[in-house]
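Structure record follows, encoded as structure tokens.
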Amino acid sequence: MKLYSTKRFIILLGLCSFIAQAKENVNHNTPGTSAPLQTLAYNCNVGTAQTVLNINNVRTTILNGGDMWWDLSKPRYEIPQGSGKHSIFAGALWIGGYDDNGQLKVAGQTYRQSGTDYWPGPLDNVRLTSEGLNNPAYGTTEASICAQFDRHYVINKNEVLEFVAWTNSDNPEIEYPNYEIPQNILEYPGNRTTDDLSNSYTGSDDQVGTSPFYALETLAPFEDVNNDGFYNPLDGDYPIYNTDGTVGCIEEDLLFGDQTLWWVFNDN
């Protein structure tokens, strides 16, 4: 089984702040010409997912290519909702660090004039094979993995609280008649028990619209009710929120706010 490392970015509404500086969209191309855009990395297509975060007094568009708050042409950070006022045109992640060889690496972008530095999905983080040899796939991904993670996972805290109450109920048929587990809880990317794409998490495929690859390593945070190490909502596992509001967003790997957009991307 492959294990994948992740770079996680969660929109934490009202609890953690993300600071961005607006700058005009400067086209560096010569007039009448267009620069070739970087469109593939490990045969992966650039992420196309766009999801609207629309809770409380904010309505904004989130992309999965490292940028946000616009739809690639117009501003989409409206506050208050319905006002038509957009206080931010666009924002993007700029991340730098040293690799295993001590080389400085930086991933950053402005308006995608020259492509993007970020791609959907996790990377293989297995350094050595079972024979103790260097894993040639270390730090890489596959087009199928990128395609499966070209999406946002939208989670609402109220749905999770209702799911927990349903699983803990002594009379669920009476207290929660006709209850069905929400699709976003079934498809939540906690992890999975196998890298066989014919099996999604540990439930049945007919309950899940798609079967993303979830490695043994935890991706999105979840409550492991039976402590078996795997995310399976049919066993009562669920996305874990900071429900009592006593934990900061830096101290624990939890979900925060009333609505969460969770996704995973890499800078390869």
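According to this note's numbering, the sequence shown is numbered sequentially starting from 313.
Glycine included, each C-beta is placed from N, C-alpha and C at the ideal position.
Which same chain residues end up closer than 6 Å to residue i when comparing Cβ atoms and leaving out the 5 residues on each side of it in sequence?
i      : result
Asn554 : Leu566, Phe568
Pro533 : Ile552, Asp565, Leu566
Gly408 : Val418
Lys469 : Tyr553, Asp570
Based on Cα-Cα distance, which residue from the options lies nearest to residue i?
i      : options                        : result
Pro489 : Phe542, Glu474, Gly409         : Glu474
Trp478 : Ile493, His464, Asn468         : Ile493
Gly502 : Cys356, Asn446, Ile467, Asp411 : Ile467
Tyr491 : Glu499, Val476, Tyr500         : Val476
Trp406 : Ala459, Asp379, Gly396, Glu390 : Asp379
Thr472 : Phe542, Leu365, Gly396, Leu498 : Note on identity: in this sequence residue 472 is Val, with Thr being the wrong assignment. The shortest Cα separation from Val472 among Phe542, Leu365, Gly396, Leu498 belongs to Leu498.
Ile391 : Ile367, Leu384, Asp540         : Ile367
Ser456 : Cys356, Ile562, Asn496         : Cys356
Gly359 : Ala459, Pro484, Thr558         : Ala459
Ser423 : Asp540, Lys386, Asn480         : Going by the sequence as given, residue 423 is Tyr instead of Ser. Residue Lys386 is the option with its Cα nearest to Tyr423.
What did DSSP end up calling residue i once you bin it into helix, strand or coil?
i      : result
Ala477 : helix
Ala459 : helix
Leu365 : strand
Lys319 : Any reading at Lys319 must be qualified, since the residue scores a pLDDT of 39, below 50, and its modelled position is unreliable; the value itself is stated next. Note: Lys319 maps to strand in three-state DSSP.
Ile391 : coil
Val472 : helix
Pro432 : strand
Leu440 : strand
Ile486 : helix
Leu573 : strand
Asn496 : helix
Which term fits residue i, buried or exposed, when burial requires 16 or more other beta carbons within 10 angstroms of its beta carbon?
i      : result
Pro551 : buried
Phe577 : buried
Gly403 : buried
Trp431 : buried
Gly394 : exposed
Asp556 : exposed
Asn544 : buried
Tyr410 : exposed
Asp383 : exposed
Thr441 : exposed
To which residues of the same chain is residue i closer than 7 Å at the C-beta, ignoring the five residues directly before and after it?
i      : result
Val537 : Asp547, Gly548, Asp549
Gly451 : Leu435, Asp436, Asn580
Tyr389 : Thr372, Trp381, His398, Ser399, Ile400
Glu487 : Ser481
Bridge partners of residue i, per DSSP?
i      : result
His464 : DSSP lists no partner for His464.
Tyr553 : Leu567
Cys535 : One point to set straight first is that residue 535 is Glu, not Cys, in the sequence displayed. Answer is Tyr550.
Arg371 : Glu390
Ala419 : Ile407
Asn446 : Leu440
Asp579 : BP columns for Asp579 are empty, so no partner.
Can you find the residues in the same chain that come closer than 8 Å, C-beta to C-beta, to residue i, ignoring five residues on each side of it along the sequence?
i      : result
His464 : Ala361, Thr363, Ile374, Asn376, Leu573, Trp574, Trp575
Asn413 : none
Arg439 : Asn446, Asn447, Tyr450
Leu416 : Gly408, Gly409, Tyr410
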